[in-house]
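Undergrad: Sharing a structure with you now.
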Amino acid sequence: MKIFIDTANIEHIRQANNLGIIDGVTTNPTLVAREGKDFTALVKEICSIVDGPVSAEVMALDYEEMLDEARALSRIDKNVVIKIPLIPDGLRTVKVLSREGVRTNVTLCFSANQALLAAKSGATYISPFIGRLDDISHIGMDIVRDIKAIYKNYGFKTEIIVASIRHPLHVLEAAKIGADIATVPYEALMKLVKHPLTDIGIQRFIDDWNKMKVEVK
Ligand code: E4P
Numbered sequence: 007m008k009i010f011i012d013t014a015n016i017e018h019i020r021q022a023n024n025l026g027i028i029d030g031v032t033t034n035p036t037l038v039a040r041e042g043k044d045f046t047a048l049v050k051e052i053c054s055i056v057d058g059p060v061s062a063e064v065m066a067l068d069y070e071e072m073l074d075e076a077r078a079l080s081r082i083d084k085n086v087v088i089k090i091p092l093i094p095d096g097l098r099t100v101k102v103l104s105r106e107g108v109r110t111n112v113t114l115c116f117s118a119n120q121a122l123l124a125a126k127s128g129a130t131y132i133s134p135f136i137g138r139l140d141d142i143s144h145i146g147m148d149i150v151r152d153i154k155a156i157y158k159n160y161g162f163k164t165e166i167i168v169a170s171i172r173h174p175l176h177v178l179e180a181a182k183i184g185a186d187i188a189t190v191p192y193e194a195l196m197k198l199v200k201h202p203l204t205d206i207g208i209q210r211f212i213d214d215w216n217k218m219k220v221e222v223k
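So the number in the numbering used here is just where the residue sits in the sequence shown, counting from 1, plus 6.
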């Protein structure tokens, strides 16, 4: 499974990338606004750190404007993937972009039927938001399972990015289902690395090693 980091924070992207396990980055307008930086410059900087797909979202909601915005964003760097919301004008835009060879990440997906339409439009990626479904008492991961089955039935090439991840169990479930990608916030990513028994084990090794050194003296 590929792991993307879901943030626009440069420091977090650098630290995560240094682990050597990051395959790409997803941003969204909320994450970008949090950083208070120029959007284009920020996307360029992210692309200079991570050698993989970097999703940048259009703000327009109308087909013509979305298309203009998408084309401008795609000129920032070869690794930029255009994030398009799952609305009728969005699907139309994705269709044109896919014909032009521009990669797209269809976002704000909350049902398997929406994901089916995104794949038919030629989306490169589909982003089901599982945490936000969990938030309203729907099992978010169920739609990932359904999307996986539907894409397999018809041989769609669209890759599933499990998004709106809140904690390590979401990543575990995504991997068990066989989702192509999990996009993980920095805090959740660090929780994947950590295990209390690892820390206890290290401390015990250090203590025992130090005891041995004392005895040798
Ligand atoms: C994905 O591309 C989105 O940026 C993100 O996963 C949304 O997560 P949230 O529901 O925690 O805002």
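Using N, Cα and C, we set each Cβ at its ideal position, and we do this for glycine too.
Please list, in chain order, all residues of the same chain as M147 whose beta carbon is under 6 Å from its beta carbon, the five residues on each side excluded.
TA: I136 and E179
Undergrad: Determine the direct distance from the alpha carbon of T13 to that of P59, and round the result to whole angstroms.
TA: 13 Å
Undergrad: With a 10 Å radius around its C-beta and 16 neighbouring C-beta atoms as the bar for buried, classify L195 as buried or exposed.
TA: buried
Undergrad: So what does I167 bridge to, in DSSP terms?
TA: I187
Undergrad: What are the partner residues of T32, as DSSP defines its beta bridges?
TA: D12 and S61
Undergrad: Using the Cβ count rule (16 or more neighbours within 10 Å means buried), how would you classify A22?
TA: buried
Undergrad: Would you mind sorting F211 into buried or exposed? The rule is 16 or more other CB atoms within 10 Å of its CB.
TA: F211 comes out exposed.
Undergrad: Under the criterion of a Cβ to heavy atom distance below 6 Å, does N85 qualify as lining the ligand E4P?
TA: Outside the cutoff, so no.
Undergrad: Tell me which residues share the same chain as D140 and place their Cβ nearer than 6 Å to its Cβ, disregarding the 5 neighbours each side in the sequence.
TA: G146
Undergrad: Compute the Euclidean distance between the alpha carbons of K200 and K217, then round it to the nearest angstrom.
TA: 26 Å
Undergrad: Within the stretch 87 to 130, note down every full alpha helix (DSSP H) run reaching 4 residues or more, in order along the chain.
TA: You should have 94 to 105 and 118 to 127.
Undergrad: Determine the DSSP secondary structure at F162, reduced to helix, strand or coil.
TA: coil
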